Every structure is written in structure tokens, then in C-alpha cells.
Amino acid sequence: MTALAAQAQTLTQAKDRISLFREHLQKKREELDERFKADDSISDIIHSRAKTVDEVLRAAWGLYPWGEDIALVAVGGYGRGELHPYSDIDLLILLEDGNSEDYRDALESFIALLWDLNLDIGHSVRSIKQCIKTASEDITVATNIMESRTLAGNDQLLDTLLEATTPEKIWPSREFFRAKWDEQIARHRKYANSEYNLEPNVKSCPGGLRDIQMIGWIAKRHYGVESLSDLLPLGFLREEDLSILRRGRDYLWTIRYALHMLSGREEDRLLFDHQRELARRFGYEDDDARLAVEQFMQRYYRMALALGELNDLMIQHFDEAILRACEAETILELNPRFRVRNGHIEVTNKNVFKKTPTALMEIFVLMAQHDTVDGVRASTIRLIRDHRELVDDKFRADPRNRRFFMEILRSRNKVALTLRRMMRFGVLGKYLPEFGQIIGQMQHDLFHIYSVDAHTMELVKNLRRFTYPDHEEKFPVASRIVRRMDKPELLYLAGLYHDVAKGRGGDHSTLGAVDARVFCENHGLSNRDTNLVSWLVEKHLLMSATAQRKDISDPDVIRDFALEIGDQVRLDYLYALTVADINATNPTLWNSWRASLLRQLYAETKRALRRGLENVIDKQDWIVDTQRDAMRRLEDHGFEEEEVRAIWNDRGEDYFLRERADDVVWHTRAIARHHDMSKPLVLVKKSSNVDLEGATQIFVHTLEHDNLFAVVAATMEQLDLNIVDARIYSSTTGYSLDTFYVLDADGKPIGDDEGRCQTIVDFLREQIEHPDRFPEMISKRTPRQMRLFSTPTRTTMATDINKACSVLEVITPDRPGLLARVGRIFYEYEIKLMAAKITTLGERVEDVFFITNKKKQPIKDLKLCEDIQHAICKELDEQAAAQPNYT
């Protein structure tokens, strides 16, 4: 009997016993937390925590009268003797025959005592027979029983249960492995089969603690070993593998323990705010190239990747040894170095890579070229891991390896899969050292949801998807472009290098272009191909920036972009790269609106290139064409030319430059039918423009007033609509013609919901008619993740001489009511809005406003420019600071 148990026996009052146990637990917790802060062995701390709880549970158990037919058993993680500060304490109260009536009062009192101690108890009361039945039906229960130990009571009961649940009785190792593997597959799928989650779960994500436990469970079930070290004599695990597992486990334990301490509860998710705090606690500091949190997370991701890779290797070993042990062998000889055994490639002897280092590249070429290869044998994976250090400068300079790598890129199949395997096995980062530097590198924002290397692999996969028939509907233009390319390998190269210089400091596009050029020259590409790849890397952000931040209905914007592009080949390659890049950055960014912007920019640029760069766009021709087309259609509807000209006469040329003939017809017909011009006209429709079909159009024709944009923006917020583009026109007769392109809260057009459309029309009319009753600013909860990325607002202002306006750019965290607040400031400073480009990138918005003073001239007063920007920054930042601290 321990001193704690003996002292508890002397106490007669329940409250005194509770105080005793609580004080003991608190004292031990504080001691362990101090040891943790002092960087003591995390393994000793975790096991000491379990021993502390063991001591309390045994002392508490000893307070009640028990017979020889009952036992207190620790199961699951606690059964392994591992316990974090706020982990569940899983208990099994094991009965010999299932009759618990004699112990009802004692059990209720015992469990109540544990709850009073604030222990996170999970318990069940079962007989041996019930346990056997439940375990035979539930793989999780069977697994928990495998990791059980008796805390108090009759030891023989657990021995009997363990004997009755051996692989010979239930869950043979073959069935057990298949069930646990399926369990892991489902768990990994929940986290997108990637170690690189923005807020990873250190327990359940790929490369997490559960993956380590998975290896132990299968080894114990099939081989009967008690620890992973017992696998060493069997050849399934080696000392270096065991070292990785232990270091990885201790690293994840350290993070998990810190998470529990930081949150004051069981928390296994590395949430953004926790990442920042842990980076600080673990001694990381910001530098010129990367934030402390990015350095911390890169280490986490690299450790998770190493554990995930080892998990893959061990699962492959177990698959061969357990599931496929009885399969008839089918062997296909590929060459003297490699063969395919039951669909998995392997070396013909263990010295292949040592004698012929080029085989480290050749094996991936064979996997790409042979459909019969489904994977790699575990023994060969291990050999690749053992010999990847041979990929050095001499290896990289070998013409055979350079030729092999280009063969992979030029393969008709499995390009993305092969590159991913090369990365997974550690060969790609060795062959391309610049790529090796970005492995596990993350960017601490909500825009990039993958690490740089994972994003790159996803981009290449997207480029391959463009060649698949089932992706043609989603990516019609990109699919047509890529399928007709003579050299798609140049696109894959640009994809590999487009972000390779991130984290070095400086412009990653420029630095990456230099790396890409060196690669191309070393691999014998022609000057033309080299220039194309290098240009694509340098300009890979150009098309998305132009489409999302500039007015692509402006002929001058199209002309400047076309001049930058130069020819159709570059346009095709850049379009495909841009679409793949956006989808690989964050799939939620790719909506119908962004797709339509890129399609429109591609189509207009293609048309401009066909006309010839020396005279890309003729504004007057553009206006005449639009008016002629619109007039013809209006005449078909019974309009006379004089009637139409009377409506058009008060409009500037900008209207006919930026609006399509279809929409000019739509507006004109509605205005002609609108008899009370003192009342606002509001129209809603899904865009008929193929290039802009990704949004719903809202057209407002009303008497001008200075507060109009602010009112409309606030009203849109109340209607739960997001403005993605705004085109503002003023007539010479005092009317405003405004077109807003909107999406709903899910980033989709409103569609054909007539009821919703009518609600929008009615509410907008009411608000516009009473501009003095400014709609109340929306006060919605800011999502936790966005609140964490609250950074100061940044603004810039410049003069666009061609458009005779000032261009205001606002970069700020996204939040409800943002546009309405900006609109109010425009009103206060008597600013007229000509157009707006609204771009949301994860947690950040990058909005561009084309504005003038009240005389419709650019704002040239520098003091006024500074005041406007200061007012916007102050308003938006004060709003962010006032947001409720929701989680």
C-alpha cells in the first residue's frame, strides 16, 4: 500500500478524501509541468503522468469492498502507460460473470469520486464474456483490450480475457490488419491524405501519433511483440527506423503536451493561434525571409512527412507479409536491374543502386512508362531510402540522369504520380536541391492551404487533370489548350519551379526564373524552350493579378496585357499554369466568377493578338461595334433608332467600352419601360455573357446621390451578397448607371430563384429611395481563423492618366461590412466611384477602386490623398479591433 492509499484509508469524510487526491494530482501536475518547461525527457513525463493517475486510482479503489471476481483495468493509451495532461483516462471494470449488482453502490461511489477529482474518465463495466463478444464485433474494442493492464483487483481476469481474444480466437492477424488499414485509409481521407494540413491534428493526421500506434498494433497482433524494438530481429524494422519513430513520437508528444498546457483542456489540433504561441515557446524567431511560426511548422511538417513515409514502408511490409503471403507470384522481368512482382516493382538484387546509381532515376522512369506497376516493394523502398544520398552533384550532372528526368516529364502517363513518389521517397528533393529547400515550408495565411511542396505537386496534378476527359466540363479552355500542346513538359517544368524560391527573401518569381533557366540549360532544352519556361516562372502571377485586380473590360488593360504576353503560345501556357495554380493554392478560390474573369481575359487577349500588336485595340471601333450590335437587336424588339439614341445620348464612351451589347440591350429596354424616372430602377439577372456567367448581375439606374455606393454596399451586406465587381457610370442628366456582379455567401451565383431576386429588387429600391436612412452596418461574427490573421490595413493611391481617375488599392483582412464602410468614407470626402475590382484571397481582400473628386477629375491634392487613406485605415482597423473574440 502506498503512502497516499494509507492516508486515504484514515480519512472518513468523502470531502477530505477528495481534497487529498486533488492536492496530490495538482502537486504532481505542477511538478511535471515544470519538468516539461525545463526540457526534461517527454517520455519520462508522459509515463510519470500515467503512474500518478495509477496511484490515485488504486488508492481510490482500495476505499471500497471488492471481491475476487472484479478488477480495475486500464485500456487504450492509458493502458500503454501514456497520459497527457488532459487526455481521456479509459477504464474497464472487468467482472468474471457479469453480475454487478453486488457492487452497484460501490461502483457508483467510485466513479462519482473520480468525477469529483475532475479526471476525464471514460469507463465501461463488462464481464469477460461481454468483452469477448464486443471485441469480436468492434475492432476498436479489440485494439483497446490488446493494450490493457490491471490496475487493481484480480489479475487473473485480464489474463483470461487476453487469452480469449488472441488472433487464434478472434480477429486473425490478416483480418485485423485489413480492418486497421481500412481504418487508417478513412482517417487519412478525412485529412485529404496529406501531412500538410493548415491546422493539423497531431494525433490523427497522416504522419501523426496514430500512424505510429498503427505500426505497433499490427506488429503486436501478427508477431506477438510487446514493443517495436522487438521487430528488429525480424528484419521488418531497423535501428534507424526505430530511431525515427521514437524521435517522431517524442516530438509529437512534446507538441501535444504543450497544446494541453496552452489550452487548458484536451486539444490535439495545432490551431493557428497555438502555432504562433508554440513557435515562441520553442524559441523560434522571425527573420528576414520567414516568420517564426513558418519555421516551426516546417519542422513539424518534415517530421510528419518522415513518419508518414515510414508508415507507408511498414504498411507495405505488412501487406506483403500478411495479406499477400499466400498469393501466387507473377513476375515480369523489365531489365537486368528491375522486375515487377505481383504489380510492385523491385530490384533484381540489393546492390543495384550501389553498383548503378543511375538506377535511382531509372526506376521512376519505369514506373511512369509501365501500366503494370502499381507500387514499389517494401524492400526496394528501403533500398531507395538507403541510397538516396548518392544523388549528389556528380549524379545530377550525369547526362543519363538528366535524360531520365526529362523522360519522366515527357511520359504520356503518371507524370504527377511519379513526381509525387520521387518526392515521397526523398529523391526529388535531392535531384532538385532548390526543391528540397521548400519541402514542408508553409505560409502562415488562409490563402495557401498547402505547404509549398504540396502545392507544387497539386499544381502538376491539375495540369495532368486538364488532359482527362472527365475534367473537360470544369476546365473547358484549359483542357483544350493542354491537349493540343506539343511540349506539355515545359508546362510541368514551369509548375515545378514557379514557387521554388519562396522563403529565400526577395521576389520568388524572379529568383525562381533564374533557377528554371539553369535547369533548362543543364538539361539541353533549346533557347526558345528555356526562355518560355523561365518567362512562365517569372510571370506566373501576371494573369491572375490582371484578371482580378484590373478592369479587363478596358481596352487599354487588354492592350497592355497583350503587349506583355507577346504571342499566342505564351498566352496558352500562362493560362493553363494560372488555372492550375489557383486550384492548387486553395480549391475554394476557384469559383465560377474567377473562372469567368480568366476566360474573358484569355479571349480578349487572344483577339487582340490576332489583330496585331502594333494596333491592338481601336477604342472607337469597339464603341461603334457595341452600339451597332445593340441597335440591331433593339430594332428587332420594335425600337426606333431615334428613340434609342435619346436614351443613349447622356452616356459617356466608357459605358459602351465596358458593357456588352447584350447588357446594353437589357438596360435600354428596361429604362424605356420605366416611366417614373424619379424612382430607382433595379434589375437582377444571371449574366448572359458567357465570359461572365459566373456571377449574378444587379443593375441600378437612379438619380445620382453621393451616398449611393455606400447605401448599395451596405444593403448587399444585409442581403448576404458579396460584390465581386462594380461598374459605375454617370450620365450627363444626373443619373447613375451601376452594374454590380454579386455572388451569394457560398461563392455561387443566385441562379433562377425568382423569389430571392424579387426580394433583392424590393429591398434595394427601398434603401436607394431613402439614402438618408443608411442601412445599419452589419455586425456578424468574424470567423476564428480570419480574426487570427488581423493585420493592419494597407493602402496606395496613384493617378491613371488614361482613365482620368485616381486608383486606390486597399489591402486588409476580410470582414463583414467592409465595402459599406469604405463607401461611407467616399461619401464623407465627396469622392465619386467610377469602378471597383473586389478580390478576396483567403482571409485577405485586395480591392481596387477607380475614383475621382466631385468634379470627376483625378485627386491630385497629396494631403487629401493621405487623409483619405488614413481615414480608411483608421475605420477598418478600429472595426477589426472592436470585433468580438469569438472562437
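Residues 215 to 1101 in this note's numbering are what the sequence shown spells out, letter by letter.
Idealized CB from N, CA, C, for every residue including glycine.
Predicted model, so just to flag it, every value in this text is computed and none were measured.
Using a C-beta cut-off of 8 Å, the region 1062-1080 makes contact with the region 1007-1027, since at least three inter-stretch Cβ pairs fall below that distance. In the three-state DSSP reduction, isoleucine 307 falls in the strand class (E or B). Contact between glycine 422 and alanine 518 holds: their C-beta atoms lie close to 7 Å from each other, under 8 Å. Remark: C-beta atoms of leucine 466 and valine 416 approach each other more closely than 8 Å. In this structure, DSSP gives proline 1027 an extended state, which the three-state scheme calls strand. Cβ neighbours of histidine 851 within its own chain (closer than 8 Å, five residues either side excluded): Val879, Arg883. Contact annotation: histidine 754 and alanine 708 have beta-carbon atoms nearer than 8 Å. Per DSSP, the beta-bridge partners of aspartate 1014 are Cys1019. Annotation for threonine 1066: the continuous beta strand (DSSP E) segment containing it runs 1058-1066. Per DSSP, reduced to three states, the secondary structure at alanine 366 is strand.
Residue state for isoleucine 399 is assigned as helix, using DSSP reduced to three classes.
Secondary structure in the region 245-314: the alpha helix (DSSP H) runs of 4 residues or longer, each lying completely within the stretch, are 256-275, 290-293 in chain order. Ranked by how close their Cα comes to the Cα of arginine 243, the residues Tyr645, Tyr471, Tyr1041 have Tyr471 in first place. Residue range 949-958 is occupied by the beta strand (DSSP E) that includes tyrosine 955.
Isoleucine 426 and aspartate 721 have their C-alpha atoms some 39 Å from each other. Runs of the alpha helix (DSSP H) lying entirely within the region 662-750 and spanning at least 4 residues, in chain order: 666-679, 690-697, 702-711, 722-736. Taking a cut-off of 8 Å on C-beta distances, the region 216-230 touches the region 265-273, as three or more cross pairs fall below it.
Rounded to whole angstroms, the Cβ separation of threonine 570 and aspartate 612 is 11 Å, and the two are not in contact under 8 Å. Annotation: the continuous beta strand (DSSP E) that includes glutamine 911 extends over 910-917. Pairing glutamine 651 with arginine 731, the inter-Cα distance amounts to about 18 Å. A straight line joining the alpha-carbon of leucine 623 with that of arginine 555 spans about 25 Å. Glutamate 1089 sits away from isoleucine 1052, with the two beta carbons spaced by 8 Å or more. Per DSSP, histidine 474 has no beta bridge partner at all.
Using a Cβ distance threshold of 8 Å, alanine 759 and histidine 669 do not count as a contacting pair. Boundaries for serine 593: no beta strand (DSSP E) harbours it, while the alpha helix (DSSP H) harbouring it runs 592-601, taken from the DSSP string.
Between phenylalanine 680 and the set Ser665, Tyr664, Leu705, the nearest pair of CA atoms involves Leu705. The residues Gly295, in chain order, have a CB closer than 8 Å to that of lysine 265 in the same chain once the five nearest residues on each side in sequence are set aside. Excluding residues up to 5 positions away in sequence, Ile429, Gly430, Ala433, Leu451, Leu456, Leu459 lie with their Cβ nearer than 7 Å to the Cβ of leucine 442 in the same chain. Under the 8 Å Cβ criterion, the region 502-520 counts as touching the region 407-416, having at least three qualifying pairs.
Judged by beta-carbon spacing, isoleucine 353 lies beyond the 8 Å limit of glutamate 382, meaning their Cβ atoms are not closer than that value. Take the alpha-carbon of proline 769 and the one of glycine 969: they are about 37 Å apart. Within the same chain, and ignoring the five residues on either side of glutamate 1023 in sequence, the residues whose Cβ sits closer than 6 Å to its Cβ are Thr1010, Val1062. The Cβ atoms of methionine 475 and proline 299 sit closer than 8 Å to each other. Residue pairing for asparagine 415: DSSP places it in a beta bridge opposite Arg483.
Serine 350: member of the alpha helix (DSSP H) spanning 342-351, first to last residue. Your pair isoleucine 1082 and tyrosine 1041 does not check out as a contact, with CB atoms roughly 12 Å apart and the cut at 8 Å.
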